[in-house]
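2 protein chains.
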Amino acid sequence: MRDTILEKAAGLFAARGFCGISLDEIASAAAVNRGVLIELFCDEETLYEAVLEDQFGHYAAAMQAALEGNKLPAAKIQLFAQAFFDLHKQTPYFFPLFYRELLNPSRFFESIVKKNIRRVAYLSDNNIARGIQKGTFKYEIHPANATMLLVGMFHYHFLSQQLIDTLLPTHGNAEDYFQQALQIFLTGITRSAATK
Amino acid sequence: MRDTILEKAAGLFAARGFCGISLDEIASAAAVNRGVLIELFCDEETLYEAVLEDQFGHYAAAMQAALEGNKLPAAKIQLFAQAFFDLHKQTPYFFPLFYRELLNPSRFFESIVKKNIRRVAYLSDNNIARGIQKGTFKYEIHPANATMLLVGMFHYHFLSQQLIDTLLPTHGNAEDYFQQALQIFLTGITRSAATK
């Protein structure tokens with residue numbers, strides 16, 4: 002029951018933000034009574050905190066899994082991008098919750114949002130730094146800039162879902178965008194054969 | 002007086018969204034009385050519409066100016082990116098207003114937001130298509146994908162201002178990020194000398 006409540010609450014908070022949702026609406030969506038919600042989560046803010054912990058914990062774990070192991074840095078970037086992209090399909094509430102926190106930080110911004118985003122950024126920075134050391138990526142690339150660029154290429158794509166039909170060609174699709182963006186990024190950061 | 006009201010209202014809507022702001026707060030911020038607001042703008046929704054018209058009109062005009070003239074496609078991309086980046090400093094309310102519309106579309110989403118974003122995307126797509134025809138950019142690049150990538154590289158950077166100090170190195174700055182992102186993008190879409 003806890004999982005159902007977290008899932009329904011995440012959907013409502015993602016759609017309308019923390020301030021736009023009442024405990025009664027969440028109880029109704031999860032088909033439980035208000036008393037059960039209060040017993041399990043105390044109040045709406047504590048429930049919101051549990052939703053963020055769940056969503057950001059899942060995000061950080063998925064991204065970390067993509068960057069672990071012994072693969073080469075460029076292969077890890079591919080896995081990282083693929084995991085990021087898959088997450089958008091598998092946990093559709095994560096990204097709107099994140100964008101809402103960026104526009105209106107709650108009091109969990111530091112303890113949950115920032116902590117998990119920083120953890121993922123740190124792992125990606127390290128992977129890119131390793132690629133520079135190995136001579137695969139250009140020396141002048143700054144790992145933190147490259148990480149921000151890599152995720153930024155996809156964040157706007159997710160954020161602008163409302164616009165996608167007008168902005169992208171009717172025959173294109175999300176997978177095309179994903180492959181092309183990743184290809185441009187990898188070509189842009191990789192040292193050319195001539196300068197190696 | 003109209004301009005002052007539009008500017009103050011834009012700041013409040015950018016910070017807290019259309020639903021988070023009352024007409025009294027706008028009157029107080031603009032140092033006019035409520036009667037003046039109603040005389041000039043009728044009601045809060047009409048004032049919000051005027052703010053969007055003003056902000057999105059300014060955005061589209063600035064981007065259009067960057068893409069006009071006889072420069073080469075790659076030079077126009079540089080001007081476009083620079084104009085986009087400058088706008089973030091000059092009209093800081095535009096981007097939060099845009100992101101809020103993407104998360105919670107108002108009834109002006111189609112008539113103002115979509116119309117202006119599409120206009121800019123169309124001009125940028127044409128510029129990239131011209132670069133492909135001229136043999137500067139790779140044949141396999143899809144103009145609409147490349148445009149989305151180009152703006153996406155900067156949108157997340159603006160959206161994540163709250164996180165920047167944790168994600169980017171202390172010695173880096175916005176200008177470094179801007180130059181590096183643009184360089185990676187241009188390298189990624191440009192045909193290499195060997196294949197020309």
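Just so you know, the sequences run in chain order A and B.
Quick note: the first sequence uses this note's numbering, first residue 2, plus one each step.
Quick note: the second sequence uses this note's numbering, first residue 2, plus one each step.
Note that beta-carbon positions come from the ideal geometry of N, C-alpha and C, so glycine has one too.
- Task: Run down chain B in chain order and give the residues with a C-beta less than 7 Å from the C-beta of K115/A.
- Result: By 1-based counting over the first sequence, the position of residue 115/A is 114. The contacting residues are L164, T167.
- Going along the stretch 42-64 of chain B in order, which residues come within less than 7 Å of chain A, judged by CB to CB distance? So the list is empty, because no residue satisfies the distance condition.
- Query: Apart from the five residues on each side of it in sequence, which residues of its chain come closer than 8 Å, Cβ to Cβ, to A145/A?
  - Reply: For the purposes of this step, residue 145/A is taken as residue 144 along the first sequence, with counting starting at 1. The beta carbon of A145/A lies closer than 8 Å to those of A122, D126 in the same chain, with the five residues before and after it left out.
- Task: Tell me, please, which residues DSSP counts as bridged to T191/B.
- Result: Residue 191/B sits at position 190 when you count from the first residue of the second sequence. Paired residues: F138/B.
- Query: Around the C-beta of K135/A, are 16 or more other C-beta atoms found within 10 angstroms, so that it is buried, or is it exposed?
  - Reply: Walking along the first sequence from the start, residue 135/A turns up at place 134. Looking at its Cβ environment, which holds fewer than 16 other Cβ atoms inside 10 Å, K135/A is exposed.
- Task: Count the other C-beta atoms from every protein chain shown that fall within 10 angstroms of the C-beta of G36/B, then say buried if there are 16 or more, exposed otherwise.
- Result: Within the second sequence, the letter at position 35 stands for residue 36/B. When all chains shown are included, G36/B counts as exposed.
- Between the C-alpha atoms of H59/A and D4/B, what's the straight-line distance to the nearest angstrom? Counting from one through the first sequence, the residue named residue 59/A turns up at place 58. Counting from one through the second sequence, the residue named residue 4/B turns up at place 3. Answer to the nearest angstrom: the Cα atoms are 46 Å apart.
- Just how far apart, CA to CA, sit E8/B and L53/A? Taking the first residue of the second sequence as position 1, residue 8/B is located at position 7. Taking the first residue of the first sequence as position 1, residue 53/A is located at position 52. Whole-angstrom Cα-Cα distance: 34 Å.
- Query: Apart from the five residues on each side of it in sequence, which residues of its chain come closer than 7 Å, Cβ to Cβ, to L1/A?
  - Reply: One cannot answer for residue 1/A here, as it falls past the ends of chain A, which runs 2 to 197.
- Just checking, does the stretch 97-114 of chain B make contact with the stretch 139-154 of chain B on the three C-beta pairs under 8 Å criterion? As far as the Cβ criterion goes, the stretch 97-114 of chain B does not touch the stretch 139-154 of chain B, which means the pair count is below three.
- Task: Using only alpha-carbon positions, find the residue among Q180/A, A84/A, A31/A that is nearest to A10/A.
- Result: One-based indexing of the first sequence puts residue 10/A at position 9. Residue A31/A holds the alpha-carbon nearest to the alpha-carbon of A10/A among Q180/A, A84/A, A31/A.
- Query: Could one say the Cβ of F96/A lies closer than 8 Å to chain B's Cβ atoms, at least one of them?
  - Reply: Position 95 of the first sequence, counted from the first residue, corresponds to residue 96/A. Taking 8 Å as the threshold, the shortest C-beta distance from F96/A to chain B does not fall below it.
- Item | 8 Å contact criterion, which I185/A and F138/A should meet: CB distance rounded | Within the first sequence, the letter at position 184 stands for residue 185/A. Within the first sequence, the letter at position 137 stands for residue 138/A. Not confirmed; about 14 Å, so no contact.
- Which value, in whole angstroms, describes the spacing of the CA atoms of Y100/B and E141/A? Looking up residue 100/B in the second sequence gives position 99. Looking up residue 141/A in the first sequence gives position 140. Straight-line Cα distance between these residues: approximately 32 Å.
- Query: Taking all protein chains shown into account, do 16 or more other C-beta atoms lie within 10 angstroms of the C-beta of M149/B, making it buried, or fewer, making it exposed?
  - Reply: Indexing the second sequence from 1 puts residue 149/B at position 148. By the neighbour-count rule (16 or more Cβ atoms within 10 Å), M149/B is buried.
- Message: Let's see if you can read the secondary structure: which residues bound the alpha helix (DSSP H) around Q65/B?
- Response: Reading the second sequence from its first residue, position 64 is the one you call residue 65/B. Bounds of the alpha helix (DSSP H) holding Q65/B are 45-68.
- Message: If we define contact as Cβ-Cβ less than 8 Å, is N146/A a contact residue for chain B?
- Response: Residue 146/A sits at position 145 when you count from the first residue of the first sequence. For N146/A, the answer is yes, since a Cβ of chain B falls inside 8 Å of its Cβ.
- Name the chain A residues that come within less than 9 Å of Q181/B, Cβ to Cβ? Within the second sequence, numbered from 1, the residue matching residue 181/B stands at position 180. Chain A residues near Q181/B: E141, I142, H143, N146, A147, L150.
- Cβ-Cβ distance between F57/A and I113/A below 8 Å: Walking along the first sequence from the start, residue 57/A turns up at place 56. Walking along the first sequence from the start, residue 113/A turns up at place 112. With respect to the 8 Å criterion, F57/A and I113/A are classified as neighbours on the basis of their beta carbons.
- Query: What residue ranges within the stretch 110-174 of chain B form continuous beta strand (DSSP E) runs of no fewer than 3 residues, ordered along the chain?
  - Reply: Counting only runs of 3 or more, we get nothing.
- For R131/A, I'd like the list of residues in its chain whose CB is within less than 8 Å of its CB, leaving aside the five on either flank, ordered along the chain. Your numbering for residue 131/A matches position 130 in the first sequence. Here the set comprises P74.
- Environment of K197/A [buried if 16+ CB atoms lie within 10 Å]: As a position in the first sequence, residue 197/A is number 196, starting the count at 1. A caution first: K197/A carries a pLDDT of 49, below 50, which makes its placement in the model unreliable, though a value can still be read off. Looking at its Cβ environment, which holds fewer than 16 other Cβ atoms inside 10 Å, K197/A is exposed.
- Query: What does a CB cutoff of less than 7 Å around F42/A pick up in its chain, not counting 5 residues either side in sequence?
  - Reply: Residue mapping note: residue 42/A aligns to position 41 of the first sequence, counting from 1. Within the same chain, Cβ atoms closer than 7 Å to the Cβ of F42/A are found at L48, A51, the five residues on either side in sequence being excluded.
- Message: In the DSSP assignment, the alpha helix (DSSP H) including F19/B goes from what residue to what residue?
- Response: If you number the second sequence from 1, residue 19/B lands on position 18. Per DSSP, F19/B belongs to no alpha helix (DSSP H) and is neither H nor E.
- Query: For I129/A, which residues in chain B fall below 9 Å Cβ to Cβ?
  - Reply: Counting from 1 along the first sequence, the entry for residue 129/A is found at position 128. One finds nothing in chain B with a Cβ atom closer than 9 Å to the Cβ of I129/A; even the nearest lies about 12 Å away.
- Task: List the whole-angstrom C-beta distance separating A62/A from A84/A, where the pair is believed to meet the contact cut-off of C-beta under 8 Å.
- Result: Working through the first sequence from its first residue, we reach residue 62/A at position 61. Working through the first sequence from its first residue, we reach residue 84/A at position 83. With a Cβ gap of about 10 Å, A62/A and A84/A do not count as contacting.
- Query: Which of the three DSSP states, helix, strand or coil, is assigned to A15/B?
  - Reply: Residue numbering aside, residue 15/B sits at position 14 when the second sequence is read from its first letter. Three-state DSSP puts A15/B in a helix.
- Query: Mind checking if P74/A is an interface residue toward chain B, Cβ cutoff 8 Å exclusive?
  - Reply: Taking the first sequence and counting its residues from 1, one reaches residue 74/A at position 73. Under the 8 Å criterion on CB atoms, P74/A is classed as non-interfacial with respect to chain B.
- Under 8 Å between C-beta atoms, does K197/A make it to chain B? Here residue 197/A refers to the residue found at position 196 of the first sequence. Per-residue confidence for K197/A stands at a pLDDT of 49, beneath the threshold of 50, marking its modelled position as unreliable; the derived number appears in the next sentence. It does not: the Cβ of K197/A has no partner Cβ on chain B nearer than 8 Å.
- Alpha-carbon to alpha-carbon, Q181/A and A147/B: For the purposes of this step, residue 147/B is identified with residue 146 of the second sequence, where counting begins at 1. For the purposes of this step, residue 181/A is identified with residue 180 of the first sequence, where counting begins at 1. Roughly 8 Å separates the two Cα atoms.
- Message: Considering Cα atoms alone, identify which of I129/A, F95/A, N128/A is closest to N117/A.
- Response: Residue mapping note: residue 117/A aligns to position 116 of the first sequence, counting from 1. Taking the Cα of N117/A as reference, the smallest distance to any Cα among I129/A, F95/A, N128/A is reached at F95/A.
- Message: So with CB distances below 7 Å, who are the chain A contacts of S161/B?
- Response: By one-based count along the second sequence, residue 161/B stands at place 160. Those are L103, listed as they occur along chain A.
- Does the beta-carbon of K90/B have 16 or more other beta-carbons within 10 angstroms, so that it is buried, or is it exposed? As a position in the second sequence, residue 90/B is number 89, starting the count at 1. So K90/B counts as exposed.
- Item | Where P93/A falls: helix, strand or coil (DSSP) | Here residue 93/A is taken as the residue at index 92 of the first sequence, counted from 1. In this structure, DSSP gives P93/A a state outside helix and strand, which the three-state scheme calls coil.
- Message: Taking the alpha carbon of F1/B as the reference point, which residue from P93/B, D87/B, K115/B, A67/B has its own alpha carbon closest?
- Response: It is not possible to answer for residue 1/B, since the shown part of chain B is limited to 2 through 197.
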